[in-house]
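To keep things clear, I will list the structure first and then write my remarks on it.
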Amino acid sequence: MKQKIQSPSISQLGYQPIQLSDSQIKQFQEDGFLILENFLPEAFAEQLASRMDPLFHGEFETGLYPDEWHWRPGMSLPDITREMCNAWKCDRTIASLVLSAEIGRLTATLAGWDGARIGQDSLWMKPPGAKAIAMHQDGAYVDYLTPAAMMTCWVALNKATAADGTLVYVKGSHKWPLANVEGEFHAPTKDYRWAMLQAAENAGVEEPELVIVDVPAGGCAFHHGRTWHGLCKTTRTEGTFHSIGLHTIPASAQFHPTNPPGYIYGRYKRLNSTEMDETFFPILWQKDGYRSPHLAEYCADPLS
């Protein structure tokens, strides 16, 4: 068995718990997103980023595979934006952020939930010249849940600028109808905004306002499940940009009784039950203090 990689302690990180102000919550409700320049200490961001290349080369600390693995060495094109989903199952350092109570508390607070559980993580690597990720709404992919609600915390593990292919939001787009989009996602050959522009037209919005997330390493952004967003094309010629998206769902969420969960999450649905197993969808935080008990045994929580 491979040696367990130790996560840094809270004292080593110097992390300070974030207390969201009423004005920040109001801004989130109005814009559909909230950007925080300082979230993770840079040293922890660097440690998380250092785990990504081994993961994309098939080095899984726990021996478990991720649920999705887009980009394989020697098989995939070099300019594709790389994505891996539910790497928390593969690597305990990644899990120490993904499964932190702080992620649950902050996303639940912004969403107005009594608690939050992890729905999915998404690791992103963008090499020089990496293609965009098409604009989309995360909420369009969770109709297999009830309630069909999602929150996302996106963390830049390196300094994030437009040249790096950072996250781009459409201000106020969480107020538009939810759109069901079929088509290119990881390497769109047309304008990566095409589905958003179509949705804006349908919503009667002539000029959507785009906001580029420009933050230092460790900065983050929270967004509503209906907010349109995507990763713009990378124009830098050197270095790799690393980021991670943490998608939470209400602690009370269950599988929808009739909408099928698809080939990935269908693996985790119990026969004749809508209950979501905490082994696969752990509860990160609840107002009453509850947190899935096995998490403390599985990985450290450096943000607690």
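If you're matching positions, the sequence shown starts at 0 in numbering that gives the first Met the number 0 and goes up one per residue.
We put the beta carbon where it would ideally sit given N, CA and C, even for glycine.
Own chain residues within Cβ distance below 7 Å of residue i, not counting five before or after
i, result
"Glu237", "Pro127"
"Trp119", "Correcting the residue type first, residue 119 is Gln in the shown sequence and not Trp. For Gln119, where only same-chain residues beyond five positions count, the Cβ hits under 7 Å are Cys84, Asn85, His246."
"Gln23", "Leu33"
"Glu183", "Ala133"
"Ala285", "The sequence shown places Gln at residue 285, not Ala. Asp113, Gly114, Ala250, listed in sequence order."
"Ser95", "Ser6, Cys298, Ala299, Asp300, Pro301"
"Val97", "Trp87, Ile117, Asp120, Leu245"
Three-state secondary structure (DSSP) of residue i
i, result
"Tyr14", "coil"
"Asp30", "helix"
"Gln253", "strand"
"Phe240", "strand"
"Phe221", "strand"
"Arg266", "helix"
"Trp112", "coil"
"Asp142", "coil"
"Glu67", "strand"
"Ser49", "helix"
"Met74", "coil"
"Tyr168", "strand"
"Arg290", "coil"
"Gln285", "strand"
"Arg104", "helix"
"Ile248", "strand"
"Met154", "A quick correction: the sequence has Val, not Met, at residue 154. In this structure, Val154 counts as strand in the three-state DSSP scheme."
Spatially closest choice to residue i from the options, by CA coordinates
i, options, result
"Asp287", "Lys174, Phe221, Asp113, Glu206", "Asp113"
"Trp70", "Gly62, Lys88, Met51", "Met51"
"Lys125", "Thr239, Gly244, Ala107", "Thr239"
"Ile282", "His293, Ser272, Thr273", "His293"
"Pro259", "Tyr143, Leu47, Gln18", "Tyr143"
"Ala199", "Gly171, Phe184, Lys130", "Gly171"
"Tyr64", "Lys232, Val154, Ile263", "Ile263"
"His241", "Ala129, Gly138, Gln23", "Ala129"
"Ile132", "Ile93, Val154, Ile248, Asp78", "Asp78"
"Thr92", "Thr61, Met74, Thr233", "Thr61"
"Ala44", "Val180, Val214, Gln136, Thr233", "Val214"
"Val141", "Ile17, Gly261, Thr108, Trp68", "Gly261"
"Ile243", "Pro207, Trp153, Leu196, Ala194", "Trp153"
Beta-carbon contacts of residue i that lie in its chain and below 6 Å, excluding the five residues immediately before and after
i, result
"His223", "Gly31, His173"
"Leu35", "Cys219"
"Ser303", "Ala100"
"Ala202", "Trp175"
Classification of residue i by the beta-carbon crowding that lies within 10 angstroms, buried from 16 upward
i, result
"Thr165", "buried"
"His56", "exposed"
"Tyr168", "buried"
"Lys25", "exposed"
"Asp300", "buried"
"Ser20", "exposed"
"Ser121", "buried"
"Tyr14", "buried"
"Cys298", "buried"
"Leu76", "exposed"
"Met149", "buried"
"Glu296", "exposed"
"Thr106", "buried"
"Gln46", "buried"
"Met74", "exposed"
"Gln2", "Any answer about Gln2 is weak, because its pLDDT of 45 lies below 50 and its placement is not dependable; what the coordinates show is given next. Under this definition Gln2 is an exposed residue."
Chain D within 9 Å of residue i, Cβ atoms only
i, result
"Arg116", "No chain D is present in this structure, which holds just one protein chain."
Cβ shell of residue i (< 8 Å), same chain only, five flanking positions each side left out
i, result
"Thr145", "Ala252, Gln253, Phe254, His255, Pro256, Thr273"
"Ser8", "With a pLDDT of 49 at Ser8, under the threshold of 50, the modelled position of this residue cannot be trusted, and the question is left open."
"Leu177", "Gln136, Gly138, Ala139, Arg225"
"Leu54", "Pro65, Met83, Ala86, Cys89, Asp90, Ile93, Leu122"
"Phe279", "Tyr267"
Any non-hydrogen atom of the ligand GTP closer than 8 Å to residue i Cβ
i, result
"Thr233", "Looking for the ligand GTP in the displayed structure turns up nothing, as the structure carries no ligands at all."
**Report entry** Touch test, the stretch 185-199 against the stretch 95-107, Cβ-Cβ under 8 Å, three pairs minimum
**Finding:** At 8 Å Cβ cutoff, the stretches do not touch.
Query - Cβ contact check for the stretch 262-269 and the stretch 151-170: 3 or more pairs under 8 Å - result: As far as the Cβ criterion goes, the stretch 262-269 does not touch the stretch 151-170, which means the pair count is below three.
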